[in-house]
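Numbering (this note's numbering), first residue to last: 57 to 245.
(1) Considering only the alpha carbon of each residue, which of 73, 88, 92, 62 lies closest to residue 140?
(2) Under the three-state reduction of DSSP, which class applies to residue 187: helix, strand or coil?
(3) If we count Cβ pairs, one from each stretch, closer than 8 Å, do we get three or more for the segment 117-126 versus the segment 83-102?
(4) Nearest-angstrom Cα distance between residue 125 and residue 199?
(5) Based on the DSSP secondary-structure assignment, which residues constitute the bridge partners of residue 149?
(6) For the alpha helix (DSSP H) containing residue 67, name the first residue and the last one.
(7) If you measure between the beta carbons of residue 155 and residue 167, is that distance less than 9 Å?
(8) Within this structure, are the beta carbons of residue 170 and residue 60 separated by less than 9 Å?
(9) Taking the alpha carbon of residue 76 as the reference point, which residue from 179, 103, 65, 88 has its own alpha carbon closest?
(10) Using only the alpha-carbon positions, how far apart do residue 193 and residue 100 sit?
(11) Tell me whether residue 108 sits in a helix, a strand or coil according to DSSP, three-state version.
(12) Let me check understanding here. Comparing Cα to Cα, which of 97, 143, 133, 175 lies closest to residue 152?
(13) When we look at the beta-carbon of residue 69 and count the other beta-carbons within 10 Å, is it buried (16 or more) or exposed?
(14) On the DSSP bridge assignment, give the partners of residue 133 in chain order.
(15) Quick check on the burial criterion: 16 or more other C-beta atoms within 10 angstroms. Buried or exposed for residue 137?
See below:
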């Protein structure tokens, strides 16, 4: 298992949401400082093309509209998005958020599948969210376990003291190549 980079998974989710929000804001039909439910429901085909026809992030904003609209003004504002990003950064992502926000983003598919497969083991504190730190720690622990298992049966008696990599088979020549001045008289007469 390679090192799991939890930060890249989180960054993928946040980048997708930020890009979607910015694209929708540039094309919104209503006046105001944020996106309304109407803006999210009536996205033009041109805006969808600008989003790369990826509606996953748009669906997330629509589905979670009420919880994202912190002040209840009927708009998802820049402040609401900043609060969402701060929450994701500090508290992590839920299983559902990872499935929704990372599966269609630029997240590494092997990282994504590993995090989803081991979600409950990665979530050390049992809060239903995984943070970047928890993902990275799980990856490091997994690597340590793999190394321990690989070398569990390692015995010092099965190693050679005189391993040489392409140098003559004579042991003294190996030592001489490592210490060329060893055994020679360094005084000039």
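Where a beta carbon is used, it is the ideal one built from N, C-alpha and C, also for glycine.
So, from the data block:
(1) 73
(2) coil
(3) yes
(4) 41 Å
(5) 186
(6) 62-82
(7) no
(8) yes
(9) 103
(10) 43 Å
(11) coil
(12) 175
(13) buried
(14) 90
(15) buried
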